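Numbering (my numbering), first residue to last: 9 to 607.
A virtual CB, placed ideally from N, CA and C, is assigned to each residue, including glycine.
Because the structure is a prediction, the values reported are computed rather than measured.
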């Protein structure tokens, strides 16, 4: 957002615009860095994981790695030779059962009693079809949602390929319950799902092999269905809350096959807009296996046969090593109101624990971004039911609210301009001394005394900018992360979460930043620095807008337009006229010198 330039900082040509230039460059660097540098959960050290695994339930020894083909339960508990084998229970063929409510449509297959499709009715994919949270390609290779995870690869394969006998078939509407049973070859499995009108499904599952309980976990192994680009995979994360403390882990820090022991309020995976989170009924007895598989996708989605890029495919398996599976699964959008309504199981057994809101990432300036989103949501709900217009209206309100800081900057700049001749005289007086000469300290003392006497605060032009930056960053983080802008329309923009394909907003940002720079009086500023601020900075910000969500670009363009209008108004005030007069006089003084150099 173009700001009113501080026309005169102390220090002559080399220092007149230094403070503003530094803040502008710092802002640019922070803007680029915000997308890459996030607080990351340290990866557990191998010895720590080993100690955690040794601290599991007494009936289970140190957890073997997923490559070990021995089930922990079978290693810890020998089969009961006197157990009577159960009668065979299995379906004759594969069949599906569909469960739906106003939020989702879930298709179960009795092969593995797993989910083949989990469609969110309120959302669409990039092709305009209902969004499926299940990626059929990755799920076919690494496992489908709500499959059972075991350290014993052979057992895991049996659980995933067995033909379970469903309690119901066809299409069911919530509230309802669906169970799957299987028995054969000494293996007995029962999985039960309970559904209501929310995005949450309750699941229980038990597995015994020759009468011995098998520690199995419920898994979501193969990412989220809307991931189809490098950016969408890079924004995935492992989410977990332990004793009310939330932490997220970036893909490169997630160890595939690592076992993390509880307590866990909840744990799972999410990407920018959707999540699959497990909420155990017994947090204290919960263990989590983090999954991270390599996957290759085309660099250019439009050329599926072209060059590919490796991306992380996150997953998670959650349950207990000593008790049957009993937990809830949230699979849905990262909407604040929805996430607030889903809460973990508290110590008293009720669903009153930590909520899922932290999985919505507002960045470092979340303390600003969240209130800004609440204001944006209110604007959309009660004033103008269009996200584009809501952004513009809120942008106007914020810029008007920050008007006093702009005026403060202008006053500080004017005072600094008035004392520039005296400051230059002091510098001329001491320029014969080297920078290391102690007498140079006297020059600084005289300048500070002059500023104090004239009521000039050397930070007067900088502090208002520091006040505005949190709002600027907060707005940026908010617009980049909220699902409400996904596929939201505004005139030629069909998705406020995607870049402007016509480049109208980037071009507008460049023009408005250049215009504001031209209108802002800047006497005494070094010509090279002034040229960079007038041309290079708008070009750099315009380039950033090429690949940023158009909702952010719309906010930026509107802010620049408002700033240009305010600058025109301020130029007509008494302060503005004084600043332009000083600028004109100083420019006139420099003309003869320039003419002599040209001659």
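Top-ranked residue by Cα proximity to residue i, from the options
{"i": "residue 153", "options": "141, 160, 159 and 164", "result": "141"}
{"i": "residue 222", "options": "266, 159 and 259", "result": "159"}
{"i": "residue 610", "options": "580, 343, 252 and 567", "result": "Lying before the first or after the last residue shown, residue 610 is absent from the chain, which here runs from 9 to 607."}
{"i": "residue 379", "options": "481, 188 and 461", "result": "481"}
{"i": "residue 111", "options": "346, 446 and 270", "result": "346"}
{"i": "residue 476", "options": "407, 363, 104 and 300", "result": "407"}
{"i": "residue 333", "options": "146, 276 and 199", "result": "199"}
{"i": "residue 355", "options": "271, 348, 552 and 301", "result": "271"}
{"i": "residue 434", "options": "456, 445, 258 and 205", "result": "456"}
{"i": "residue 306", "options": "298, 317, 462 and 296", "result": "317"}
{"i": "residue 608", "options": "437, 429 and 425", "result": "For the chain, the structure presents residues 9 to 607; residue 608 sits outside this window and is missing."}
{"i": "residue 432", "options": "416, 444, 421 and 452", "result": "452"}
{"i": "residue 147", "options": "303, 171, 263 and 104", "result": "303"}
{"i": "residue 566", "options": "257, 396 and 556", "result": "396"}
{"i": "residue 420", "options": "260, 103, 351 and 586", "result": "586"}
{"i": "residue 487", "options": "561, 518, 519 and 592", "result": "561"}
{"i": "residue 353", "options": "250, 107, 544 and 499", "result": "250"}
{"i": "residue 207", "options": "134, 552, 105 and 128", "result": "128"}
{"i": "residue 322", "options": "384, 241 and 462", "result": "241"}
{"i": "residue 516", "options": "262, 564, 422 and 385", "result": "564"}
{"i": "residue 135", "options": "398, 233 and 291", "result": "233"}
{"i": "residue 312", "options": "236, 553 and 258", "result": "236"}
Coarse secondary structure for residue i, derived from DSSP in three states
{"i": "residue 545", "result": "helix"}
{"i": "residue 237", "result": "coil"}
{"i": "residue 390", "result": "helix"}
{"i": "residue 202", "result": "strand"}
{"i": "residue 243", "result": "coil"}
{"i": "residue 217", "result": "strand"}
{"i": "residue 490", "result": "coil"}
{"i": "residue 450", "result": "helix"}
{"i": "residue 596", "result": "helix"}
{"i": "residue 250", "result": "strand"}
{"i": "residue 124", "result": "strand"}
{"i": "residue 496", "result": "coil"}
{"i": "residue 397", "result": "helix"}
{"i": "residue 157", "result": "strand"}
{"i": "residue 580", "result": "coil"}
{"i": "residue 176", "result": "coil"}
{"i": "residue 167", "result": "helix"}
{"i": "residue 376", "result": "helix"}
{"i": "residue 559", "result": "helix"}
{"i": "residue 436", "result": "helix"}
Expected contact under 8 Å - CB spacing of residue i and residue j to nearest Å
{"i": "residue 157", "j": "residue 213", "result": "About 11 Å separates the two Cβ atoms, so there is no contact after all."}
{"i": "residue 366", "j": "residue 254", "result": "4 Å"}
{"i": "residue 300", "j": "residue 320", "result": "6 Å"}
{"i": "residue 324", "j": "residue 286", "result": "7 Å"}
{"i": "residue 527", "j": "residue 576", "result": "6 Å"}
{"i": "residue 191", "j": "residue 263", "result": "In fact, because the Cβ distance is near 35 Å, the residues do not count as touching under 8 Å."}
{"i": "residue 350", "j": "residue 364", "result": "5 Å"}
{"i": "residue 171", "j": "residue 107", "result": "Incorrect: roughly 19 Å between the Cβ atoms, too far for contact."}
Chain-order list of residues whose beta-carbon lies under 6 Å from that of residue i (same chain, five-residue window excluded)
{"i": "residue 224", "result": "156, 158 and 215"}
{"i": "residue 202", "result": "185 and 210"}
{"i": "residue 284", "result": "228, 276, 277 and 339"}
{"i": "residue 485", "result": "370, 371, 373 and 377"}
{"i": "residue 501", "result": "558"}
{"i": "residue 109", "result": "182 and 205"}
{"i": "residue 415", "result": "none"}
{"i": "residue 124", "result": "115 and 117"}
{"i": "residue 398", "result": "384, 387, 388 and 392"}
Proximal residues to residue i (C-beta, below 7 Å), its chain only, five neighbours per side dropped
{"i": "residue 495", "result": "132 and 503"}
{"i": "residue 126", "result": "112, 114, 140, 141, 142, 153 and 339"}
{"i": "residue 505", "result": "493, 494, 557 and 559"}
{"i": "residue 289", "result": "334, 335 and 353"}
{"i": "residue 293", "result": "270, 328, 330 and 331"}
{"i": "residue 18", "result": "Unreliable placement is indicated for residue 18, whose pLDDT of 40 sits below 50; no coordinate value is reported for it."}
{"i": "residue 520", "result": "10, 565, 568, 569 and 572"}
Cut-off 8 Å between Cβ atoms - residues of its own chain near residue i, not counting five sequence neighbours on either side
{"i": "residue 479", "result": "376, 380, 406 and 410"}
{"i": "residue 187", "result": "174, 175, 198, 199, 200 and 201"}
{"i": "residue 77", "result": "In this prediction, residue 77 scores a pLDDT of 34, lower than 50, which makes its location untrustworthy; no coordinate-derived value is stated."}
{"i": "residue 238", "result": "305, 307, 317 and 319"}
{"i": "residue 56", "result": "For residue 56, the pLDDT reaches just 40, beneath the cut-off of 50, and the residue's location in the model is therefore unreliable, leaving the point undetermined."}
{"i": "residue 547", "result": "518"}
{"i": "residue 60", "result": "The predicted position of residue 60 is uncertain, since its pLDDT is 39 and thus under 50; a value taken from the coordinates is nonetheless stated next. Taken in chain order, the residues that qualify are 52, 267, 268 and 269."}
Closer than 8 Å to chain D by CB, residue i
{"i": "residue 408", "result": "Chain labels in this structure do not include chain D; a single protein chain is all it has."}
Check: residue i C-beta below 7 Å from any heavy atom of the ligand SAH
{"i": "residue 552", "result": "By its list of ligands, the structure shown contains no ligand whatsoever, and the ligand SAH lies outside what it can speak to."}
Opposing strand residues paired with residue i [DSSP bridges]
{"i": "residue 132", "result": "138"}
{"i": "residue 113", "result": "108 and 127"}
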